[in-house]
Amino acid sequence: MKINGARAIVEILHKEKVTTIFGIPGGVVIPLFDAFYEDKKINIVITKHEQGAIHAADGYARSSGKPGVCLVTSGPGATNIVTGLATAYMDSIPIVALTGQVPTANIGNDAFQEADTTGITRPVTKHNFIVKNPNDLPLIMKNAFYIATTGRTGPVLVDIPKDITTAEIEFEYPEKVKIPGYNPTLKGNIRQIKRVMETIKNARRPLIYAGGGIIASGASEELKKFVKITGIPVTLTLMGLGAFPGTEPEFLGMLGMHGTKTANYAVSRCDLLIAIGSRFDDRITGKLSMFAPHAKFIHIDIDPASIGKNVIIDVPVVGDARHILHEMAGYAEPLNINKWFEEIEGWKKEHPLTYSNDDDILRPQYVVEQIYKVTGGDAIITTEVGQNQMWTAQFYKFTKPRQLITSGGLGTMGYGLPAAIGAQIAHPDATVIDIAGDGSIQMNIQEMATISQHELPINIAILNNGYLGMVRQWQEFFFDKRYSATCLKRVQRCPKICNNPGENCPPFVPDFVKLAEAYSAIGLRIEKKSDVEGALIEAVKTKKPVLMDFIVNPEENVTPMVPAGAPINKMISSKEDAQNFLLA
Amino acid sequence: MEREYTIALLVVNESGVLAHIAGLFSGRGFNIRELSVGETENPEYSRMTIVVKGDDQIVEQIKKQLNKFIDVIKVNDLTNIPSVHREIILIKVKTSANRRQEIFQIAEVFKGKIVDISHDSLTLEVTGITEKIEALIAILKPYGIQEIARTGRVSISRGISHIGGIGNG
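Quick note, the sequences are listed as chains A and B, same order.
For what it's worth, my numbering labels the leading residue of the first sequence as 1, then goes sequentially.
For what it's worth, my numbering labels the leading residue of the second sequence as 585, then goes sequentially.
Following this line, the structure appears as structure tokens:
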């Protein structure tokens, strides 16, 4: 079959069973978009900014497990997706990003809208390609999808010069990939798996610390089965939430900087830490030399480079979590760890996650709890980054994988709204809620238009505290309450020095309710605790986009908190604690 | 403990691959001390020899990261296996006619070749391991070294084992 490169790409996307792509057209991709004009199988979601397109593709991938595809033009189109690539790369999300490029003859000439896309994106992609010969296009695309979706999954970029899309090629989509330098290990070494089980049998205080790898490999059922046999308690990273049901007795909550005291105490006290699909990130370990000081380490990961990167591992196993957990379950038997469990139960009783809830002040934690209640714990939740994200992680009990869609590694503000688009498109009947901050929502607020145009019933819950809240919290704790550059209500006439939000503060800009209306969405402002539940019920019921502007207590903090660089069992909850920590 | 590691890489012979690999080192704050690249017996592949300094854990991490690269076919750490290492240096020395003879003698001791000569300078080519090259530089220093060009080492394991096949760990 002789067709041009653009048509070939459409055919390839059909073969890869891609049903939605996210993108924005531009000069060099006109032929490519032209090939989609009459195509009936692929839904093209045109976002308002390329960053929105790639985050939407990312949200689609995270919520469905299928690769997200985005298509943007050269130069600024390509540079605008860099943040999204980095976001996906840090969290190992499969994305195939197609970028237009100037015609091959013009490459290197500083042509109009030319950028060295493969050069720029090298450190933020799993791999990237530039197509220089039209006949290479099918194999490169085949390889791109394969690399993105296998091994430690991740974003792959294919840079496609304009003349490649207009050139006629003899089209045949290869059955097999051809990548000599790529052969990910899936099955764990059986000797190592036996060593793992031997080590577990001898442990008195074992603890599972699992992360996004469980979700990526679809190992939740296997993890649950293994835990139910052995009785080993589980803590999850932010990326792992939902991998094990947050409602089960073995679950200790999230660990790390804003983890539960129970989880962090358990890590500090355990004699065996079983890391599965997690990577000992600094937000997890705190002070590395004092992380799990009594423990032996088992590390199960598909990426050999993750193993031993930050912590020396006693028993490493390279491979896919699902396969390895399945094998492990075969050798598993109930452990006699009742005393360990009692210790944990004691911490759980003594240190539950709490906040002041005995007054009329509207607090963000309360909003998140109500969202959990109203949605029956069943919604797909996306978040922005900062306090909103941490409160969501703490107060929404995720029970299923792919239910929490959040930028963990890179911490990209502005992620949640476009990610919700991808999640809603992948799950048209699900309740999708973006829990946002008033700061980060504005970083991709333009995607409200995309939501309205596609009639997506996404709900947005802004926890509006008038601040870049997480930074403000650090300023309160560690910088003597010097609120430098974090007040979002600040106007020209405000005093230079101010750390006292109050009645006389100027109104918040923008007015989110009016803004919602401008985007043809429903806008609600909620200022009273008693109005929260009703607003949420109405929003979820209405099959239209609803933006809820919750005016919450401005100086609410995320607690507990491990100060950066401290051991994780040294958690603080207030400015006073922070002062004591700094003085110690 | 910090020491020097010699890593041989088999990589896909395509544009951008060197930049990828250099980017891995710079992006993670590792410094490349020596680097040489050339085509192999298979024109689809190039071979690189990279010398880095670091401790065991850092170098282990570098090797794992290199292995992860899709354009990297094979990573072979030659540091602890019997290997042959060679480097070429071209060294230009200031010299007048009456001191040339001394430098000829030095060249002979180092099994070097005079590859260029002028009224007031002389260029030597010497092949060898790093220590030999360093010794040559030290001995020529008093004459006035004008310019040095070094290739960085190329390294290959001894015996039948080879990077693309069996027994290369």
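Using N, Cα and C, we set each Cβ at its ideal position, and we do this for glycine too.
Quick one, which residues of the segment 179-204 of chain A are near chain B if we go by CB-CB under 8 Å, in chain order?
179, 180, 181 and 182
Can you name the start and end residues of the alpha helix (DSSP H) that residue 145 (chain A) belongs to?
On the first sequence, residue 145 (chain A) is found 145 positions in, with the first residue counted as 1. Unbroken alpha helix (DSSP H) run through residue 145 (chain A): 137-149.
Mind pulling the chain B residues with CB within less than 7 Å of residue 625 (chain A)?
Only positions 1 to 584 of chain A appear in this structure, which leaves residue 625 (chain A) out of reach.
Minimum length 3: unbroken beta strand (DSSP E) runs contained in the segment 143-231 of chain A
155-161, 168-170 and 206-210
Applying the criterion that 16 or more other CB atoms from any shown protein chain within 10 Å of the CB defines a buried residue, is residue 370 (chain A) buried or exposed?
Taking the first sequence and counting its residues from 1, the one referred to as residue 370 (chain A) is at position 370. Residue 370 (chain A) comes out buried.
Measuring straight from C-alpha to C-alpha, what distance separates residue 722 (chain B) and residue 693 (chain B)?
Indexing the second sequence from 1 puts residue 722 (chain B) at position 138. Indexing the second sequence from 1 puts residue 693 (chain B) at position 109. Distance between the alpha carbons of residue 722 (chain B) and residue 693 (chain B) is about 14 Å.
Under three-state DSSP, which class holds residue 659 (chain B)?
Residue mapping note: residue 659 (chain B) aligns to position 75 of the second sequence, counting from 1. DSSP places residue 659 (chain B) in strand when its eight states are reduced to three.
Roughly how far, in whole angstroms, is the beta-carbon of residue 594 (chain A) from the beta-carbon of residue 241 (chain A), given that I think they are within contact range, below 8 Å?
Absent from the model: residue 594 (chain A). The displayed extent of chain A is 1 to 584, so no value can be given.
Could you work out which residues of chain A lie near residue 625 (chain B), taking near to mean beta carbons separated by less than 8 Å?
Numbered from its first residue, the second sequence carries residue 625 (chain B) at position 41. None at all; the shortest Cβ gap to chain A is about 15 Å.
Ignoring anything shorter than 4 residues, give me the alpha helix (DSSP H) runs that lie fully in the segment 24-108 of chain A, in order along the chain.
30-34, 50-64, 76-79 and 82-90
In this structure, does DSSP put residue 623 (chain B) in helix, strand or coil?
As a working note, residue 623 (chain B) is residue 39 in the second sequence. DSSP places residue 623 (chain B) in strand when its eight states are reduced to three.
Neighbour flag for residue 127 (chain A) against chain B, beta carbons, 8 Å:
By 1-based counting over the first sequence, the position of residue 127 (chain A) is 127. Cβ-Cβ to chain B under 8 Å: yes for residue 127 (chain A).
Please classify residue 354 (chain A) as buried or exposed, where buried requires at least 16 other C-beta atoms within 10 Å of its C-beta.
Stepping through the first sequence from its first residue, residue 354 (chain A) is reached at position 354. Classification for residue 354 (chain A): exposed.
Using the rule of at least 16 other Cβ atoms within 10 Å of the residue's Cβ for burial, across every protein chain shown, is residue 574 (chain A) buried or exposed?
Mapped onto the first sequence, residue 574 (chain A) falls at position 574. By the 10 Å Cβ count, residue 574 (chain A) comes out exposed.
At a Cβ threshold of 8 Å, is residue 603 (chain B) touching chain A?
In the second sequence, the residue the question calls residue 603 (chain B) occupies position 19. Yes, because at least one Cβ of chain A sits closer than 8 Å to the Cβ of residue 603 (chain B).
How big is the Cα-Cα spacing for residue 33 (chain A) and residue 162 (chain A)?
By one-based count along the first sequence, residue 33 (chain A) stands at place 33. By one-based count along the first sequence, residue 162 (chain A) stands at place 162. So the alpha carbons of these two residues sit roughly 12 Å apart.
What span of residues does the beta strand (DSSP E) with residue 523 (chain A) cover, start to end?
Taking the first sequence and counting its residues from 1, one reaches residue 523 (chain A) at position 523. Taken as a continuous stretch (DSSP letters only), the beta strand (DSSP E) holding residue 523 (chain A) covers 522-526.
Between the C-alpha atoms of residue 601 (chain B) and residue 653 (chain B), what's the straight-line distance to the nearest angstrom?
Here residue 601 (chain B) is taken as the residue at index 17 of the second sequence, counted from 1. Here residue 653 (chain B) is taken as the residue at index 69 of the second sequence, counted from 1. The alpha-carbon atoms of residue 601 (chain B) and residue 653 (chain B) are separated by roughly 10 Å.
As assigned by DSSP and simplified to three states, the class of residue 682 (chain B)
Walking along the second sequence from the start, residue 682 (chain B) turns up at place 98. It is helical.
Any heavy atom of the ligand NAP inside 7 Å of the beta-carbon of residue 311 (chain A)?
The ligand NAP is absent from the structure shown, which contains no ligands of any kind.
Could you tell me which chain A residues have their CB closer than 8 Å to the CB of residue 596 (chain B), listed as they occur along the chain?
Along the second sequence, one-based indexing puts residue 596 (chain B) at 12. The contacting residues are 180 and 181.
Sort A:522, A:469, A:479 and A:519 by Cα distance to residue 501 (chain A) and report the nearest one.
Residue numbering aside, residue 501 (chain A) sits at position 501 when the first sequence is read from its first letter. Among A:522, A:469, A:479 and A:519, the Cα nearest to that of residue 501 (chain A) belongs to A:469.
Looking only at C-alpha atoms, which of A:571, A:307, A:427 and A:436 sits nearest to residue 645 (chain B)?
On the second sequence, residue 645 (chain B) is found 61 positions in, with the first residue counted as 1. Of A:571, A:307, A:427 and A:436, the residue nearest in Cα terms is A:307.
For chain A, is any of its Cβ atoms less than 8 Å away from the one on residue 655 (chain B)?
Position 71 of the second sequence holds residue 655 (chain B). So yes, residue 655 (chain B) belongs to the interface.
Near residue 639 (chain B), what residues of its chain come up, given a Cβ to Cβ distance below 7 Å and the 5 sequence neighbours on each side ignored?
If you number the second sequence from 1, residue 639 (chain B) lands on position 55. Cβ within range, chain order: 585 and 586.
Can you find the residues in the same chain that come closer than 8 Å, C-beta to C-beta, to residue 9 (chain A), ignoring five residues on each side of it along the sequence?
Here the question's residue 9 (chain A) lines up with position 9 in the first sequence. Taken in chain order, the residues that qualify are 32, 35, 98, 137, 141, 160 and 165.
In the segment 271-303 of chain A, which residues sit with their C-beta less than 9 Å from some C-beta in chain B, listed in chain order?
303
Assuming residue 526 (chain B) and residue 606 (chain B) form a contact by the criterion Cβ under 8 Å, report the distance between their Cβ atoms to the nearest whole angstrom.
Lying outside 585 to 753, the shown extent of chain B, residue 526 (chain B) is not represented and no answer is given.
Given residue 111 (chain A), which residues of its chain have a CB within under 6 Å of its CB, disregarding the five upstream and five downstream residues?
Residue numbering aside, residue 111 (chain A) sits at position 111 when the first sequence is read from its first letter. For residue 111 (chain A), where only same-chain residues beyond five positions count, the Cβ hits under 6 Å are 102.
Anything in chain B within Cβ reach of residue 148 (chain A), meaning under 9 Å, just list it in chain order.
The residue given as residue 148 (chain A) occupies position 148 in the first sequence. Correct list: empty, because the minimum Cβ distance to chain B is about 11 Å.
Residue environment, residue 434 (chain A), which counts as buried when at least 16 other CB atoms sit within 10 Å:
Here the question's residue 434 (chain A) lines up with position 434 in the first sequence. It counts as buried.
Identify which residue in A:145, A:410, A:483 and A:323 has its Cα closest to the Cα of residue 17 (chain A).
Here residue 17 (chain A) refers to the residue found at position 17 when the first sequence is read from its first residue. The shortest C-alpha separation from residue 17 (chain A) is found at A:145.
Can you find the residues in the same chain that come closer than 6 Å, C-beta to C-beta, to residue 94 (chain A), ignoring five residues on each side of it along the sequence?
Position 94 of the first sequence, counted from the start, is the residue given in the question as residue 94 (chain A). Excluding sequence neighbours, residue 94 (chain A) sits near 61, 67, 148, 149 and 153.
Within 8 Å, strictly: CB atoms of residue 263 (chain A) and residue 257 (chain A):
Numbered from 1 along the first sequence, position 263 holds the residue referred to as residue 263 (chain A). Numbered from 1 along the first sequence, position 257 holds the residue referred to as residue 257 (chain A). No, these two residues do not count as a Cβ contact at 8 Å.
Using the Cα positions of residue 449 (chain A) and residue 114 (chain A), report the straight-line distance between them to the nearest angstrom.
In the first sequence, residue 449 (chain A) corresponds to position 449, counting from 1. In the first sequence, residue 114 (chain A) corresponds to position 114, counting from 1. Going by the C-alpha atoms only, they are around 28 Å apart.
So for residue 688 (chain B), helix, strand or coil by DSSP?
On the second sequence, residue 688 (chain B) is found 104 positions in, with the first residue counted as 1. Helix at residue 688 (chain B).
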